[in-house]
Amino acid sequence: MAEETSKVAMEKIVSLCKRRGFIFPSSEIYGGLSSCWDYGPVGVELKRNIKDNWWRAVVQERDDVVGIESSILMNPQVWVASGHVDSFTDPLVECKVCHLRWRATELNSNKCPECSGELTEPRLFNLMFKTFMGPVEEESSVTYLRPETAQGMFVNFDNVLGASRRKLPFGIAQIGKAFRNEITPGNFVFRTREFEQMEIEYFVKPGTDDYWLDYWVKERFNWYINLGIRKENLRLRQHGKDERAHYAEDCYDVEYLFPMGWAELEGIANRGDFDLVQHAKHSGKSLIYFDEETGERFVPYIIEPSAGVDRSALAFLIDAYDEEMAEGELRTVLHLHPALAPIKVAVLPLSRNEKLVPLAKQIYTHLRRSFMTQYDDAQSIGRRYRRQDEIGTPFCVTIDFESLEDNQVTIRERDSMAQIRVPISELDKILQAKLKGEAFDTQPLWAVRQK
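Numbering (our numbering), first residue to last: 143 to 593.
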């Protein structure tokens, strides 16, 4: 039986991202750098919107989670205590013919996938990027680019507890870059050597950890649905005992149906007390929690929802991508949830007429105080609509010659292409309502998916 895959080919997503300014190959004019990518003008807005919506859901709208931003470079002993120095490895094999290297766990035979040559015996390869701090490259100056953001939250547990005056259960959230020297990165931005994480470390009393794991699995699964991903393209998968990380009491993956098949979008793990115990042992600093109400002392257990910003962006792009016939031609459109759309409103004068442009610029200047807004007066109005459809802009505001007489403009909705005429004086208020899903004549696709 063939493996189930997304209906959207990855090639189409990569092409759209390059053409419309979502994602470019890094240092492309020099031939690029393997598995490194730059986010363009609309891509950086999509990425920022994903992070903002995550932060709003897990920090701003809660009273039990606070945020931090820890350093990328940390004391090397952090990675000794966490086990990364000794055991953060993948089995590496090399083709004896073409000398390409592969992660052994991803191969189904002992032949090279590229040339069918014979492979070497597996050897362990540490995934951390090593560097040196200071002017002398010697063993005592070795440090690492962090392979995850989690350890920065564990070592700050006591600091945050004292500064925030929180009681268990409470969490620490962080968004930040991480680096892994992957043997076989690929599938566009799905697996890269430099990536961005959105992580929560939620500290709970032992014995309540099963409840909180279930709670966070449901919370994180629904977050994607609430932002427009179709439920049939998501699933939960519990790790078997033989595949869990050594520290994990239990673990679930939120998986998405990518073009290459079902793959992890986010992991939610019960890490037990492993991390705080290890850091207490190696640092000599007590990380025991004192419960003032019960008088108990214990090392908290940790529930960790860990999501990738880049993988999330890829999933939202794939799920929103659609091709359909409209007005006799093929229309490519991104049905992005308005909260994620890079541009919320496009202002489009019908032409570059000397009377229309001043009014259009005036409306554009006003709207961009409230929304991420784009002004476009190049080529025909139909071509401009299609450009905005391709980057997922929910609404286009068109200024025509009648606008000069009746002080009204036309709002065009992306999904249905329906148009309504509204007073300029009410434009800001009407757009605010429409971006929240209110006052639609027809239900946009992103709103239907949330039901």
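Ideal placement from N, C-alpha and C gives every residue a C-beta, glycine not left out.
Quick caveat: nothing in here was measured; it's all calculated off a predicted structure.
Paired residues, beta bridge with residue i - DSSP
i	result
residue 393	411
residue 283	Beta-bridge pairing links residue 283 to no other residue.
residue 448	341 and 409
residue 404	399
residue 538	488 and 554
residue 515	487
residue 158	Bridge partners of residue 158: none, in fact.
residue 253	260
residue 244	235
residue 380	394
residue 167	179
residue 336	321
residue 266	233
residue 440	431
Bounding residues of the alpha helix (DSSP H) (the contiguous stretch that carries residue i)
i	result
residue 373	No alpha helix (DSSP H) holds residue 373; DSSP gives it neither H nor E.
residue 295	292 to 296
residue 303	299 to 306
residue 319	Where residue 319 is concerned, there is no enclosing alpha helix (DSSP H), although the beta strand (DSSP E) it sits in stretches over 312 to 321.
residue 272	Where residue 272 is concerned, there is no enclosing alpha helix (DSSP H), although the beta strand (DSSP E) it sits in stretches over 271 to 274.
residue 594	The first residue shown for the chain is 143 and the last is 593, placing residue 594 beyond what the model contains.
residue 172	No alpha helix (DSSP H) holds residue 172; DSSP gives it neither H nor E.
residue 419	416 to 425
residue 570	569 to 577
residue 464	Here residue 464 belongs to no alpha helix (DSSP H); instead the beta strand (DSSP E) covers 463 to 468.
residue 497	Segment: none, residue 497 is in no alpha helix (DSSP H) and carries neither H nor E.
residue 224	218 to 224
Cβ-Cβ distance between residue i and residue j below 8 Å
i	j	result
residue 269	residue 236	no
residue 313	residue 213	no
residue 444	residue 344	yes
residue 211	residue 304	no
residue 336	residue 178	yes
residue 571	residue 440	no
residue 375	residue 398	yes
residue 332	residue 400	yes
residue 225	residue 315	no
residue 540	residue 523	yes
residue 322	residue 289	yes
residue 370	residue 479	yes
residue 527	residue 515	no
residue 559	residue 468	yes
residue 174	residue 183	no
residue 338	residue 452	yes
residue 109	residue 546	In the structure as shown, the chain begins at 143 and stops at 593. Residue 109 is therefore absent and cannot be evaluated.
residue 334	residue 244	no
residue 246	residue 264	yes
residue 367	residue 200	no
residue 492	residue 542	yes
Own chain residues within Cβ distance below 8 Å of residue i, not counting five before or after
i	result
residue 537	486, 487, 488, 553, 554, 555, 556, 573, 576 and 577
residue 472	465 and 466
residue 549	565, 566 and 567
residue 518	488, 489, 490, 526, 529 and 530
residue 155	330, 401, 456, 459, 460 and 463
residue 418	296, 299, 429, 441, 442 and 444
residue 147	399, 400, 401, 402 and 403
residue 311	206, 344, 345, 346, 347, 350 and 354
residue 424	219, 222 and 223
Other residues of its chain near residue i: CB distance less than 6 Å, five sequence neighbours each side excluded
i	result
residue 143	Because residue 143 carries a pLDDT of 41, less than 50, the predicted location of this residue cannot be relied on, and no value is offered for it.
residue 404	397
residue 329	402
residue 411	390, 393 and 446
residue 415	441 and 443
residue 238	259 and 260
residue 221	227 and 286
Own chain, CB closer than 7 Å to residue i, minus 5 neighbours either side, in chain order
i	result
residue 596	Residue coverage of the chain in this structure runs from 143 to 593, which leaves residue 596 outside it and unanswerable.
residue 406	395 and 397
residue 428	422
residue 386	393
residue 533	162, 184, 476, 484 and 485
residue 160	166
Cβ-heavy atom distance, residue i to the ligand FAD, below 7 Å
i	result
residue 485	In terms of ligand content, the structure shown is empty, and the ligand FAD therefore cannot be addressed.
Range covered by the beta strand (DSSP E) that runs through residue i
i	result
residue 521	Careful: residue 521 lies outside any beta strand (DSSP E) and carries neither H nor E.
residue 211	Element bounds for residue 211: n/a, residue is neither H nor E.
residue 476	471 to 476
residue 562	561 to 565
residue 433	Careful: residue 433 lies outside any beta strand (DSSP E) and carries neither H nor E.
Fill in: At least 3 beta-carbon pairs within less than 8 Å: the segment 192 to 207 vs the segment 295 to 304
no
Item to complete: Report yes or no: do the segment 450 to 459 and the segment 178 to 190 share at least 3 C-beta pairs separated by less than 8 Å?
Response: yes
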